[in-house]
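S.K.: Residue numbers (numbering that gives the first Met the number 0), protein chains in the order written: chain Z, 0 to 442; chain X, 0 to 442.
Sending over a structure as C-alpha cells; questions will come in a sec.
2 protein chains.
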Amino acid sequence: MGTLPGFRQFFPQECALRDNIFDTWRRTAKAFAFQPYEAPTLEPLELYIEKSGQEVVDQLFCFQDKGGRAIALRPELTPSLAAMVGAKAAALKRPIKWFNVGECYRYERPQKGRLRAFYQFNADILGEAGPGADAELIALMITTFQNFGLTEQQVHIRLSDRTLWLQALSSWGVPQEQLFAVLNIIDKREREAAQQVIAKLEALHLEGEKLLQAIDHLSSLRSLQAIEAFLNTNKHHEPLISRLEDWKVLMAQLEAMELLPFITIDLGIVRGLAYYTGFVYEAFERSGQGRALAGGGRYDTLVEKLGGPQLPAAGFAMGDVTLQDCLQAHNCLPAQAPQAAVFIAITEESLRPQALRLTQQLRRHGLQVQGTLKPTSLNKQLEQAQHVGAHHALTVSPEGLVAKDLRNGHSEVVKEDVVVEWLRAKGHSCPLGSPFDSDLLKC
Amino acid sequence: MGTLPGFRQFFPQECALRDNIFDTWRRTAKAFAFQPYEAPTLEPLELYIEKSGQEVVDQLFCFQDKGGRAIALRPELTPSLAAMVGAKAAALKRPIKWFNVGECYRYERPQKGRLRAFYQFNADILGEAGPGADAELIALMITTFQNFGLTEQQVHIRLSDRTLWLQALSSWGVPQEQLFAVLNIIDKREREAAQQVIAKLEALHLEGEKLLQAIDHLSSLRSLQAIEAFLNTNKHHEPLISRLEDWKVLMAQLEAMELLPFITIDLGIVRGLAYYTGFVYEAFERSGQGRALAGGGRYDTLVEKLGGPQLPAAGFAMGDVTLQDCLQAHNCLPAQAPQAAVFIAITEESLRPQALRLTQQLRRHGLQVQGTLKPTSLNKQLEQAQHVGAHHALTVSPEGLVAKDLRNGHSEVVKEDVVVEWLRAKGHSCPLGSPFDSDLLKC
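In C-alpha cells form, the structure reads like this:
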C-alpha cells in the first residue's frame with residue numbers, strides 16, 4: 000500500500016531539508032516583525048466558493064463529514080486569514096502583519112512542481128492601503144530568497160497591477176461581470192496561441208481581435224516610463240494617472256532597500272485568483288524555467304466579502320515544491336546537520352548505569368547525545384558514533400571518562416563533573432541552557 | 000461563517016504558544032538524537048482498518064476523493080510510520096529513532112481536552128526489541144515534561160505491560176480472538192461500575208464475575224515486588240517469569256537516569272489501540288485531573304502486518320490540547336516574545352528612504368525590526384514602538400541616528416555604520432549572521 004498520488008513521505012533526510020526551508024521562512028518573517036497565525040486545515044466549503052475563483056474550487060478536496068457538513072481541505076490560506084482578521088478587526092492593532100507556514104491541498108494532476116499536498120509560506124499585511132505595505136511584502140519575499148542564498152541573477156519578481164488592468168479593460172468596453180473571465184484569459188495568455196485567445200474572448204461576445212491587440216500591448220509594458228507613456232496617450236484613462244503616484248512610491252521604496260535588481264515590471268502578470276485588486280507579482284527563476292516560486296498581491300475587498308469590515312489587505316504565498324527544485328538547481332540546499340553531536344560509549348556492560356546518568360545529564364542541557372540501547376562491543380559503538388556524525392565520543396571506562404575528538408582522533412581524560420563545560424568549550428551548544436538556567440525556568 | 004466544530008483558529012498569541020510547545024518537543028527529541036520524519040496528512044483508508052482498532056476507525060474523517068479512492072485524514076502517525084519504515088527497512092541503520100510534530104484528525108464529540116484536529120509529538124524506536132528502547136522512550140517523554148518546567152510532583156507515568164496482560168488473560172481461558180475485546184473493556188474499567196463490566200464480559204460469553212475479579216487484582220498491582228509475588232503464586236504463568244527480567248532491566252535503567260520519581264507501576268493501564276504488544280504507559284497529572292497527557296508502548300507486530308519485515312518497534316504520542324491545559328494549570332506557559340526587538344522611526348517623511356535602507360540592513364542580519372508603512376507623527380511612531388515590545392527605537396533624523404533604550408529611556412547618538420555591532424553589544428541576537436556570514440552562505 001503506497002501513498003496517495005501527489006502526497007509525500009519525508010524520510011529524515013528530506014524532512015531535515017523541509018524543516019530547514021520552514022526555519023528560513025519563519026526567521027525571515029520574524030525579522031520583518033510578522034507574527035505567526037494558524038487557520039484550520041479543514042474549513043466549511045462555502046469559504047472558498049466564489050472567493051478563490053473557479054480554478055481553485057475545481058481542485059478542492061471536499062466532502063461531507065459525519066455530521067452532514069460540506070467541508071474542504073484548505074487549498075490556500077487567504078480566505079481563512081481574511082475571515083479571522085475580519086472577525087476580530089476592531090481588537091487588532093494596525094498594521095496587522097501575520098505569517099503562516101502550513102500545508103495546503105489541491106486535487107490537481109501531480110507533475111513537476113505541482114503536488115496534491117504542499118507547504119506554503121504566507122505573509123500578509125492588513126489595515127494599510129498604501130504602497131508601503133506592498134513594498135514591505137515584496138521586500139520580505141526577496142529577502143527570503145536572499146536568505147536561501149539566491150541572488151538577483153537567479154530569481155526576479157515580475158511586478159504588475161490589477162488596478163491598471165481593471166480600469167483599462169473597462170475603458171475598452173469589457174462589461175463589469177466579464178472582467179474576471181477576461182483576466183483569467185490574460186493569465187493564461189503566455190501559454191496560448193493568439194487564435195485560441197481570440198476564440199475565448201469571442202465566446203464572451205467581445206471583439207476578440209481588437210481586444211487581444213490592446214491586451215498584448217499593455218502586457219508588453221516593461222517600465223514605469225512605458226506605463227506613463229501609455230497612460231498619457233490614452234486620455235480616457237484619466238482616473239489612472241493618479242495610480243502612477245502609487246507606482247512611483249513603490250519603486251522608490253524598493254530602490255531605497257536596494258531591491259530594484261530583483262524587480263521586473265511586467266504587466267503580463269495578472270494572477271489567477273479572483274480576489275486580487277491592486278499591485279500583483281510573481282517570482283520566477285531568471286532562466287524562465289519552472290513555475291512561479293511565489294505570488295501575491297493586494298485584495299482590498301475580500302475581508303468585507305467574507306462578512307468583515309472594509310479592510311485593505313495584501314499578501315503573498317511561496318510554495319515549497321518549486322522552491323526546493325530551484326534551490327537544488329542553484330546548489331543552495333543547506334548541508335545536513337548530524338544526528339548527534341556526542342556519542343557515549345561504555346567499555347563494559349556494568350558501566351551502563353553510569354553512562355545512562357551522563358547521557359541524561361547532557362540531554363537535559365540540550366546537547367544532542369546518542370548511546371547504545373543494548374550490549375554492543377566498543378568497536379561497534381565507535382562505528383555507530385561515526386555513523387551518527389558525532390564530533391566527540393565519550394567513553395565511560397573503569398579508568399574514568401575518555402573524550403575522543405572523532406574529527407582528529409585526539410583523546411583526553413575528562414572529569415565527569417566538568418564534562419558539560421568541556422563540551423561547551425569544544426563548541427557544542429547547549430540550547431536548553433545550564434541546569435541552573437533550567438531550574439530558573441521551572442515553575 | 001465560523002470554524003467547524005473541534006477546529007481551532009490560532010491568533011498570534013495562541014500561535015506563539017503553540018510554536019513554543021513545538022520548539023520544546025523538537026529540541027528535546029533532537030537532544031535524544033531522534034531524527035525528524037513526516038507522513039502524508041491523507042492516507043488510503045485501508046491503512047487504518049483493523050490496524051488501529053475499532054475506536055479509531057469509528058472516528059475517522061474519511062471520504063472518496065475525485066479519483067474514487069477511499070481516503071482518510073490521519074487519526075494518528077503510527078501506521079504511516081510503520082509503513083514507511085517497513086518499505087525501506089533494509090536501507091535504514093538500526094536503531095531507527097524518528098520523531099514527528101504534526102496534526103491529526105478524529106471525528107469525536109469536542110469536549111475539554113479533546114478536539115477534532117490536534118497536534119501530536121510522536122517519537123518511535125524501531126529495530127530494537129530490548130527494554131533499553133522502552134527506557135529511552137520513557138526518558139524522552141519525561142525529559143519533555145521537565146523541559147516544559149513540570150516536575151514529578153505534577154506529572155507521572157503509569158507503566159504497565161501488555162505482555163503480562165495477554166498471557167494472564169490466555170491463562171484465564173480468554174480465547175485468542177477475544178483478547179483485544181477484553182483489553183478494550185479493561186481500558187475503560189476505571190470509568191465503569193463492576194456490573195457494567197461483568198455484563199460486557201458476559202456478552203463475550205466469558206465468566207464475567209470471576210474474570211473481573213482476576214482483572215481487578217492484576218490491575219491493582221503497583222510494584223515490581225507485587226508483580227513478582229503474583230507470578231510466583233500463579234505457577235501456570237511460568238512463561239511470564241522471564242518477563243520479570245525485562246522489568247528489572249527497564250526499572251534499573253530508569254533509576255540510573257534518576258527518573259524513578261516520575262514512574263508509577265500501574266497494571267490498570269492497557270492502552271486502547273489494537274497494535275500494542277509489550278510495555279505500555281500513559282502520562283497523567285498527579286492530581287488525577289484531566290485526560291492522559293501522553294501514551295505509548297511497544298508494537299512489535301505492526302510493521303510486519305503492514306507488509307514490512309518483522310521489526311520490533313515502540314513509541315509514544317503526546318498531544319497538545321491536554322498538555323497546554325496542564326501547563327496553564329501549573330503556570331508553566333512560557334512568556335510571549337515581543338513582535339519586534341528594534342523600531343525604526345523618522346523625524347520627517349523625507350528620511351524614509353534612509354530609514355528603509357537601515358531597516359532592510361538590520362533585517363538581513365536577522366534582527367526583528369518594525370517601522371511604519373506610511374507617514375506618521377514621531378509620537379505615534381514611538382507609541383507603536385512600545386506596542387510591539389521593541390527594546391530599542393532608532394530614530395533617523397537630520398542630525399543622525401538617535402538610539403533610545405525604551406526600557407530605561409536612555410538615548411545616545413549612534414553612527415549608522417556601526418549600528419549592527421552596537422545592537423549586538425546591547426544583547427540583540429542576529430540569528431542570520433553578519434553580512435559577511437551571509438555572503439559565505441551564498442551559492
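Glycine included, C-beta positions come from ideal geometry on N, C-alpha and C.
Would R452 of chain Z pass as a contact of I264 of chain Z if the rule is Cβ separation under 7 Å?
M.R.: Outside the displayed span of chain Z (0 to 442) sits residue 452 of chain Z, for which this structure offers no information.
S.K.: For F21 of chain Z, which residues in the same chain have their Cβ closer than 6 Å to its Cβ, ignoring the five residues on either side in sequence?
M.R.: Along the first sequence, one-based indexing puts residue 21 of chain Z at 22. Contacts found: V100.
S.K.: Taking only the alpha-carbon atoms, compute the straight-line gap between W171 of chain Z and I156 of chain Z and give it to the nearest angstrom.
M.R.: Position 172 of the first sequence, counted from the first residue, corresponds to residue 171 of chain Z. Position 157 of the first sequence, counted from the first residue, corresponds to residue 156 of chain Z. Cα to Cα, the separation comes out at about 28 Å.
S.K.: Could you give the residue range of the beta strand (DSSP E) that holds A312 of chain X?
M.R.: Residue mapping note: residue 312 of chain X aligns to position 313 of the second sequence, counting from 1. It spans A312 to G318 - the beta strand (DSSP E) in which A312 of chain X sits, taken as one unbroken run.
S.K.: Can you list the residues of chain Z that T321 of chain X reaches, using a CB-CB cut of under 7 Å?
M.R.: Indexing the second sequence from 1 puts residue 321 of chain X at position 322. By Cβ distance, chain Z contributes nothing, its closest Cβ being about 17 Å from T321 of chain X, past 7 Å.
S.K.: With C-beta atoms as the reference, is G370 of chain X less than 7 Å away from I343 of chain X?
M.R.: The sequence position of residue 370 of chain X within the second sequence is 371, counting from 1. The sequence position of residue 343 of chain X within the second sequence is 344, counting from 1. For G370 of chain X and I343 of chain X, yes; Cβs fall inside 7 Å.
S.K.: Apart from the five residues just before and just after P260 of chain Z, which ones in its own chain have a Cβ nearer than 8 Å to its Cβ?
M.R.: Reading the first sequence from its first residue, position 261 is the one you call residue 260 of chain Z. E151.
S.K.: Spatial neighbours of L91 of chain X within its chain, please: C-beta separation below 7 Å, excluding the five flanking residues on both sides.
M.R.: Walking along the second sequence from the start, residue 91 of chain X turns up at place 92. If we look at L91 of chain X and ignore the five residues flanking it on each side, its Cβ neighbours are V84.
S.K.: With DSSP as the reference, label D64 of chain Z as helix, strand or coil.
M.R.: As a first step, residue 64 of chain Z must be located in the first sequence, where it is residue number 65. In the structure shown, D64 of chain Z sits in coil (DSSP, three-state: anything other than H, G, I, E or B).
S.K.: With 7 Å as the limit, tell me which residues of the stretch 356 to 368 of chain X have their beta carbon closer than that to any beta carbon of chain Z; keep them in chain order.
M.R.: Here the close residues are R356, Q359, R362, R363, G365, L366, Q367 and V368.
S.K.: According to DSSP, simplified to helix, strand and coil, what is I268 of chain Z?
M.R.: Counting from one through the first sequence, the residue named residue 268 of chain Z turns up at place 269. It is coil, neither helix nor strand.
S.K.: Could you tell me if R161 of chain X is buried or exposed, where buried requires 16 or more neighbouring beta carbons within 10 angstroms of its beta carbon?
M.R.: Taking the first residue of the second sequence as position 1, residue 161 of chain X is located at position 162. Buried: at least 16 other Cβ atoms inside 10 Å.
S.K.: Got a sec, what are the start and stop residues for the alpha helix (DSSP H) E420 of chain Z sits in?
M.R.: Position 421 of the first sequence, counting from 1, holds the residue named residue 420 of chain Z. Unbroken alpha helix (DSSP H) run through E420 of chain Z: V418 to A424.
S.K.: Would you say A339 of chain X faces chain Z, with C-beta separation under 7 Å as the test?
M.R.: Stepping through the second sequence from its first residue, residue 339 of chain X is reached at position 340. So yes, A339 of chain X belongs to the interface.
S.K.: Along chain Z, in chain order, which residues have C-beta atoms closer than 7 Å to that of Y298 of chain X?
M.R.: Locating residue 298 of chain X in the second sequence gives position 299, where the first residue counts as 1. None at all; the shortest Cβ gap to chain Z is about 17 Å.
S.K.: Is it buried or exposed for A293 of chain Z, if we count other Cβ within 10 angstroms and need 16 for buried?
M.R.: Taking the first sequence and counting its residues from 1, the one referred to as residue 293 of chain Z is at position 294. It counts as buried.
S.K.: I need the straight-line Cα distance from L44 of chain Z to G66 of chain X, nearest angstrom please.
M.R.: In the first sequence, counting from the first residue as 1, residue 44 of chain Z sits at position 45. In the second sequence, counting from the first residue as 1, residue 66 of chain X sits at position 67. For L44 of chain Z and G66 of chain X, the distance between alpha carbons rounds to 19 Å.
S.K.: In whole angstroms, give me the CA-to-CA distance for F147 of chain Z and L258 of chain X.
M.R.: Along the first sequence, read from residue 1 onward, the residue named residue 147 of chain Z stands at position 148. Along the second sequence, read from residue 1 onward, the residue named residue 258 of chain X stands at position 259. Approximately 42 Å between the Cα atoms of the pair.
S.K.: Per DSSP, what kind of secondary structure is P434 of chain X in: helix, strand or coil?
M.R.: Counted from its first residue, the second sequence places residue 434 of chain X at position 435. In this prediction, P434 of chain X scores a pLDDT of 36, lower than 50, which makes its location untrustworthy; the coordinate-derived value is nonetheless stated afterwards. Residue state, collapsed to three classes: helix.
S.K.: Tell me which residue opens and which closes the alpha helix (DSSP H) that H503 of chain X is part of.
M.R.: For chain X, the structure presents residues 0 to 442; residue 503 of chain X sits outside this window and is missing.
S.K.: Strictly under 7 Å for the Cβ-Cβ distance: is G307 of chain X near chain Z by that measure?
M.R.: By 1-based counting over the second sequence, the position of residue 307 of chain X is 308. So no, G307 of chain X is outside the interface.
S.K.: Against chain Z, which members of the stretch 247 to 268 of chain X pass a CB distance test of less than 8 Å?
M.R.: Against chain Z - using a Cβ distance shorter than 8 Å - the residues of the stretch 247 to 268 of chain X are A251, Q252, E254, A255, M256, E257 and L258.
S.K.: Does the Cβ-Cβ distance between N19 of chain X and P333 of chain X come in under 7 Å?
M.R.: Along the second sequence, one-based indexing puts residue 19 of chain X at 20. Along the second sequence, one-based indexing puts residue 333 of chain X at 334. Result yes, Cβ atoms of N19 of chain X and P333 of chain X sit closer than 7 Å.
S.K.: Reducing DSSP to helix, strand and coil, say where F117 of chain X ends up.
M.R.: Start at 1 with the first residue of the second sequence, and residue 117 of chain X comes out as number 118. Residue state, collapsed to three classes: strand.
S.K.: Check whether the Cβ of C103 of chain X lies closer than 7 Å to any Cβ atom in chain Z.
M.R.: Here residue 103 of chain X is taken as the residue at index 104 of the second sequence, counted from 1. Not one chain Z Cβ lies under 7 Å of C103 of chain X.
S.K.: Please classify N99 of chain Z: does DSSP put it in a helix, a strand, or coil?
M.R.: Mapped onto the first sequence, residue 99 of chain Z falls at position 100. Of the three classes helix, strand and coil, the one that applies to N99 of chain Z here is strand, per DSSP.
S.K.: Could you tell me which chain Z residues have their CB closer than 7 Å to the CB of W97 of chain X, listed as they occur along the chain?
M.R.: Working through the second sequence from its first residue, we reach residue 97 of chain X at position 98. Result: P11.
S.K.: Only counting the same chain, and skipping five residues up and downstream in sequence, which positions put a Cβ closer than 7 Å to that of V248 of chain Z?
M.R.: Sequence index remark: in the first sequence, residue 248 of chain Z carries index 249 (1-based). Excluding positions up to five away in sequence, the list reads P130.
S.K.: Are the CB atoms of L230 of chain X and L239 of chain X within a distance shorter than 7 Å?
M.R.: The residue given as residue 239 of chain X occupies position 240 in the second sequence. The residue given as residue 230 of chain X occupies position 231 in the second sequence. Yes, the pair counts as a contact, with Cβ atoms nearer than the cut-off.
S.K.: Beta-carbon within less than 7 Å of C331 of chain X's beta-carbon, same chain only, minus the 5 sequence neighbours each way: which residues are those?
M.R.: Looking up residue 331 of chain X in the second sequence gives position 332. So the list reads F147, G148 and L149, once near-sequence residues are dropped.
S.K.: Once the 5 residues before and after M250 of chain X are set aside, which same chain residues still bring their CB inside 8 Å of it?
M.R.: Sequence index remark: in the second sequence, residue 250 of chain X carries index 251 (1-based). The answer, listed in chain order, is L223, L259 and I262.
S.K.: Alpha carbon to alpha carbon, how far is V55 of chain Z from Y106 of chain Z?
M.R.: To locate residue 55 of chain Z, count along the first sequence from 1; it is residue 56. To locate residue 106 of chain Z, count along the first sequence from 1; it is residue 107. Roughly 9 Å between the two C-alpha positions.
S.K.: At 3 residues or longer, what runs of the beta strand (DSSP E) sit wholly inside the stretch 171 to 255 of chain Z?
M.R.: Complete beta strand (DSSP E) runs here, min 3: none at all.
S.K.: Could you check whether L253 of chain X and A134 of chain X sit closer than 7 Å to each other, using their CB atoms as the reference points?
M.R.: In the second sequence, the residue the question calls residue 134 of chain X occupies position 135. In the second sequence, the residue the question calls residue 253 of chain X occupies position 254. The answer is yes: Cβ separation under 7 Å.
S.K.: Take R25 of chain X as the anchor and find which of Z:R362, Z:E382 and Z:A402 has the nearest alpha-carbon.
M.R.: In the second sequence, the residue the question calls residue 25 of chain X occupies position 26. Looking at the Cα atoms, Z:R362 is the closest of the given residues.
S.K.: Just how far apart, CA to CA, sit D438 of chain X and Q145 of chain Z?
M.R.: Indexing the second sequence from 1 puts residue 438 of chain X at position 439. Indexing the first sequence from 1 puts residue 145 of chain Z at position 146. Any reading at D438 of chain X needs caution, since the residue's pLDDT is 34, under 50, leaving its predicted position unreliable; the model's value is listed next. Going by the C-alpha atoms only, they are around 10 Å apart.
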